[in-house]
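Per the numbering used here, the sequence shown runs over residues 1 to 263. Here's the structure we're looking at; comments come further down.
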Amino acid sequence: MKFSIQSRNDSQSNELKELAKNYLQDFGLILDEVEPDIVISIGGDGTLLHAFHNHVKRLDKVAFVGIHTGHLGFYADWKPSELEKLVLCIAKNQYKVVEYPLLEVNVCNHTEISTYLALNEATIKSPNVTLVMDVFLNDRHFERFRGDGLCISTPSGSTAYNKALGGAIIHPTLQAIQVTEMASINNRVFRTIGSSLVLPAHHTCKLKPVKNQTFTMTIDHLQLDHNELDYVIFKVAKEKVRFARFRPFPFWERVHDSFIASE
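As structure tokens, then:
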């Protein structure tokens, strides 16, 4: 088996990286940063996002697992003190693979279409001015949005920026995406739905600019700037992210521990 390790690059994470590398190589596993079978992320959920995008073209061949060196994350669920236990499980191939849906983002600038995958979410804003977008669901006009921006998230990303915006938390096994508003303008003249929309896998959300604006988009931690944008289409991707699961991982228990339970 081949492995790679993504570190947050703080001293604790780097120390754990070296330990994990030495332990795994002692068991006969091969360090391969280009074509690993399993990727170990050491840091937090942000570190795993970086690992995901580093291997986004090999999602059907690689599985991810995270060790958190800060607060408990939704992707990084192993403690530093459990490193040896995790190494043994990897070396003995004692894990199963679970798959979660991803967000596909198709950005069209005139004749060029660029496609991206997001593990958590994509956002679109217009710097310094109100974002004005026509929203189409399944190619039918739904509303004209005015506000700070829109966030389109995956189920596994629904606990991140989407939740901070007041969106719903969705179980990560559901094949869906969620569209959530950022500070929409609602008065006697302008109206939006004012609620998150959860779309199933066979639905699409298309955003088409009403004005000639500069747009800033994010795909997870990546930022894209567009001066000329024809439209953006969001949908559940055909690709999935694969996580190496070594033990039960109750999602609602994780939600409770992250947002409700006291220290």
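Glycine residues also receive a C-beta, built at the ideal position from the N, C-alpha and C atoms. If you're wondering where the values come from, they're calculated on a predicted model, not measured in any experiment.
- Message: Let me make sure I understand the geometry here. Which of 207, 202, 180 has the alpha-carbon closest to that of residue 194?
- Response: 180
- Query: Within this structure, are the beta carbons of residue 63 and residue 244 separated by less than 7 Å?
  - Reply: yes
- Exposed or buried, which one is residue 247 when buried takes at least 16 other CB atoms within 10 Å? exposed
- Could you tell me whether the segment 250–258 touches the segment 216–232, where touching means 3 or more Cβ pairs closer than 8 Å? no
- State the start and end residues of the unbroken alpha helix (DSSP H) segment that holds residue 72. Neither: residue 72 is in no alpha helix (DSSP H) and is coded neither H nor E.
- Query: Going by the beta-carbon positions, is the gap between residue 128 and residue 115 smaller than 7 Å?
  - Reply: no
- Query: In chain order, what residues of the same chain have a beta carbon less than 6 Å from the beta carbon of residue 175, not counting five sequence neighbours either side?
  - Reply: 101, 201, 236
- Task: Out of 97, 61, 187, state which residue places its alpha-carbon closest to the alpha-carbon of residue 35.
- Result: 61
- Task: Report the residue ranges of all alpha helix (DSSP H) runs contained in full by the segment 73–149; include only those spanning at least 4 residues, in chain order.
- Result: 83–91
- Task: Compute every distance between the C-beta of residue 192 and the non-hydrogen atoms of the ligand PLP, then say whether any falls below 6 Å.
- Result: As presented, the structure is devoid of all ligands, the ligand PLP included, so that no description of it is given.
- Between the CA atoms of residue 56 and residue 137 - distance to the nearest angstrom: 27 Å
- Query: Going by C-alpha distance, which of 65, 11, 163 is nearest residue 5?
  - Reply: 65
- Neighbourhood of residue 126 by C-beta, 6 Å cutoff - its chain only, sequence neighbours within 5 removed: 213, 215
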